[in-house]
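Chemist:
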Amino acid sequence: MAVRAAVLPAVGSPLEITGIELPDPGPGQVRVRLAAAGVCHSDLSLSDGTMRVPVPAVLGHEGAGTVVAVGEGVGHVSPGDGVVLNWAPSCGGCHACSLGEVWLCANALKGAADVYARTTEGTGLHPGLNVAAFAEETVVSASCVLPVPDGVPLTDAALLGCAVLTGYGAVHHAARVRQGETVAVFGVGGVGLAALQAARIAGASKIVAVDVSPGKEDLARAAGATDYVVASETTAREIRGLTGKQGVDVAVECAGRAVSIRAAWDSTRRGGRTTVVGIGGKDQQVTFNALEIFHWGRTLSGCVYGNSDPAKDLPVLAGHIRAGRLDLSALVTERISLDGIPAAFENMLAGKGGRALVVF
Ligand SMILES: [Zn+2]
Ligand SMILES: [Zn+2]
Numbered sequence: 003m004a005v006r007a008a009v010l011p012a013v014g015s016p017l018e019i020t021g022i023e024l025p026d027p028g029p030g031q032v033r034v035r036l037a038a039a040g041v042c043h044s045d046l047s048l049s050d051g052t053m054r055v056p057v058p059a060v061l062g063h064e065g066a067g068t069v070v071a072v073g074e075g076v077g078h079v080s081p082g083d084g085v086v087l088n089w090a091p092s093c094g095g096c097h098a099c100s101l102g103e104v105w106l107c108a109n110a111l112k113g114a115a116d117v118y119a120r121t122t123e124g125t126g127l128h129p130g131l132n133v134a135a136f137a138e139e140t141v142v143s144a145s146c147v148l149p150v151p152d153g154v155p156l157t158d159a160a161l162l163g164c165a166v167l168t169g170y171g172a173v174h175h176a177a178r179v180r181q182g183e184t185v186a187v188f189g190v191g192g193v194g195l196a197a198l199q200a201a202r203i204a205g206a207s208k209i210v211a212v213d214v215s216p217g218k219e220d221l222a223r224a225a226g227a228t229d230y231v232v233a234s235e236t237t238a239r240e241i242r243g244l245t246g247k248q249g250v251d252v253a254v255e256c257a258g259r260a261v262s263i264r265a266a267w268d269s270t271r272r273g274g275r276t277t278v279v280g281i282g283g284k285d286q287q288v289t290f291n292a293l294e295i296f297h298w299g300r301t302l303s304g305c306v307y308g309n310s311d312p313a314k315d316l317p318v319l320a321g322h323i324r325a326g327r328l329d330l331s332a333l334v335t336e337r338i339s340l341d342g343i344p345a346a347f348e349n350m351l352a353g354k355g356g357r358a359l360v361v362f
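In terms of my numbering, the sequence shown opens at residue 3 and continues consecutively.
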């Protein structure tokens, strides 16, 4: 029986909401009925070609649902279990995995090259970022599912799969924010909102949210921001002004834009740390002069999937959720159907809203 899915027919083409045929799960595979899937900026980047995956593809990589069937050899989940989809499973055998840096696994996206389903006309489909969550059901490798921790509603759990692991991890694993430090978060989308909450959990003494839109202040403050700055040429100066002219200890950049990365770096104190979580294009060139790199003694680092190990981090996040420190629903600004994804892309392009969540 066909299930409905959002298919990217070709890079640069609009998504088509159409029926697809899924096979039964093979050995080591799991079939999942989606409860919810978040619309992430990376889905937009895949559809416009900023990032590339084989097409035609079913996008969507932030999801949670219920296992409906398992293939041979799958032991850690059974039909009826609630699961979070993990779009970046680790192989355990590559150099990065052997060092425990599973978020950099060399084989994480191998599955995207496979044909995992077909259109009702028989055209082969790839699973965008391994999990193809923009569909009523999906078939994934068992390594892409993790049990939903106790006390986390299945619909909200979808957000754990990308925005929350990424935003929380950027603050706790990559930037290692310590109690009392000051933090600026650039870009108040799903990941930025998670980063703001993570900074609050870390005990940051001042949390500055920065966004191009003046309309996200309430959202940012609800997530933990103590100050709000509308991005302009003077953003870094304003942030230094909020911190006794010093600059923040940590900047987390979630937009992936050259101007924003440069402003984030400029807004930190001498010796400050900037973590870039946003995924920008090759056209986004950031420049530094040699003297300032020496003089400021700052650190600039990239961050993939929050430098997270989902199997270890999900139980930690669940603890924060149960204790009321992490509020997943505060990330969601819109609940939509599959048909609403193209409009959610438009909103992201216009810089509007937090996370749009497809609820099935
Ligand atoms: Zn994502
Ligand atoms: Zn690996």
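The beta-carbon is built from N, C-alpha and C at its ideal position, and this holds for glycine as well.
Hey, residue 76 and residue 320: beta-carbon distance below 8 Å or not?
Modeler: Looking up residue 76 in the sequence shown gives position 74. Looking up residue 320 in the sequence shown gives position 318. Their beta carbons are not under 8 Å apart, which means residue 76 does not touch residue 320 by this criterion.
Chemist: Report yes if the CB atom of residue 150 is closer than 8 Å to the CB atom of residue 196, and no otherwise.
Modeler: Here residue 150 is taken as the residue at index 148 of the sequence shown, counted from 1. Here residue 196 is taken as the residue at index 194 of the sequence shown, counted from 1. Contact flag unset, no.
Chemist: Pick out whichever of 236, 217, 208, 240 has its Cα sitting closest to the Cα of residue 226.
Modeler: Taking the sequence shown and counting its residues from 1, one reaches residue 226 at position 224. It is 208.
Chemist: Quick one: complete alpha helix (DSSP H) runs, 4+ long, within the stretch 68-129?
Modeler: 97-100
Chemist: Kindly indicate which three-state DSSP category residue 338 falls into: helix, strand or coil?
Modeler: Counting from 1 along the sequence shown, the entry for residue 338 is found at position 336. Correct three-state label for residue 338: strand.
Chemist: Output the residue ranges of the beta strand (DSSP E) runs that lie fully inside the stretch 293-350 and measure 3 residues or longer, sorted by chain position.
Modeler: As far as the stretch 293-350 is concerned, its whole beta strand (DSSP E) runs of at least 3 residues are 301-304, 334-338.
Chemist: Are the stretch 131-139 and the stretch 261-279 touching, with three or more C-beta to C-beta distances below 8 Å?
Modeler: Contact between the stretch 131-139 and the stretch 261-279 is absent: fewer than 3 CB-CB pairs across the two stretches fall below 8 Å.
Chemist: I need the straight-line Cα distance from residue 296 to residue 104, nearest angstrom please.
Modeler: Locating residue 296 in the sequence shown gives position 294, counting from the first residue. Locating residue 104 in the sequence shown gives position 102, counting from the first residue. If I take the Cα positions, the gap works out to 32 Å.
Chemist: Going residue by residue through the stretch 145-203, where are the continuous beta strand (DSSP E) segments of at least 3 residues, counting only ones entirely within it?
Modeler: 147-149, 184-188
Chemist: Cβ of residue 32 within 8 Å of Cβ of residue 86?
Modeler: As a position in the sequence shown, residue 32 is number 30, starting the count at 1. As a position in the sequence shown, residue 86 is number 84, starting the count at 1. Their beta carbons are not under 8 Å apart, which means residue 32 does not touch residue 86 by this criterion.
Chemist: My understanding is that residue 122 touches residue 21, with C-beta atoms under 8 Å, so please give their C-beta distance in whole angstroms.
Modeler: Here the question's residue 122 lines up with position 120 in the sequence shown. Here the question's residue 21 lines up with position 19 in the sequence shown. The beta-carbon separation of residue 122 and residue 21, rounded to 5 Å, stays under the 8 Å limit for a contact.
Chemist: Please identify the residue among 45, 289, 74, 53 whose C-alpha is closest to the C-alpha of residue 28.
Modeler: In the sequence shown, the residue the question calls residue 28 occupies position 26. Here the closest residue by C-alpha is 74.
Chemist: Measuring CB atoms only, is the stretch 276-294 touching the stretch 237-257, in the sense that at least three cross pairs come out at less than 8 Å?
Modeler: With a cut-off of 8 Å, the stretch 237-257 and the stretch 276-294 count as touching, because enough Cβ pairs lie within range.
Chemist: Kindly indicate which three-state DSSP category residue 213 falls into: helix, strand or coil?
Modeler: Here residue 213 is taken as the residue at index 211 of the sequence shown, counted from 1. The answer is strand: DSSP assigns residue 213 an E or B state.
Chemist: Buried or exposed for residue 245, please, with buried defined as at least 16 other CB atoms from any protein chain shown within 10 angstroms of its CB.
Modeler: Your numbering for residue 245 matches position 243 in the sequence shown. Residue 245 comes out buried.
Chemist: If residue 308 and residue 172 are in contact, beta carbons under 8 Å, what's the gap, nearest whole angstrom?
Modeler: As a working note, residue 308 is residue 306 in the sequence shown. As a working note, residue 172 is residue 170 in the sequence shown. About 5 Å separates the two Cβ atoms, so the contact holds.
Chemist: When every heavy atom of ligand 2 is checked, does at least one fall within less than 7 Å of the C-beta of residue 331?
Modeler: In the sequence shown, counting from the first residue as 1, residue 331 sits at position 329. For residue 331, the shortest C-beta to heavy atom distance toward ligand 2 is 7 Å or greater.
Chemist: The beta strand (DSSP E) spanning residue 143 covers which residue range?
Modeler: Within the sequence shown, residue 143 is the residue found at index 141, counting from 1. Counting along the chain, the beta strand (DSSP E) containing residue 143 begins and ends at 139-143.
Chemist: My parser needs the alpha helix (DSSP H) runs of 4 or more residues fully inside the stretch 16-55; what are they?
Modeler: As far as the stretch 16-55 is concerned, its whole alpha helix (DSSP H) runs of at least 4 residues are 43-50.
Chemist: If you draw a straight line from the alpha carbon of residue 337 to that of residue 38, how long is it in whole angstroms?
Modeler: The residue given as residue 337 occupies position 335 in the sequence shown. The residue given as residue 38 occupies position 36 in the sequence shown. Taking the straight line from one Cα to the other gives about 9 Å.
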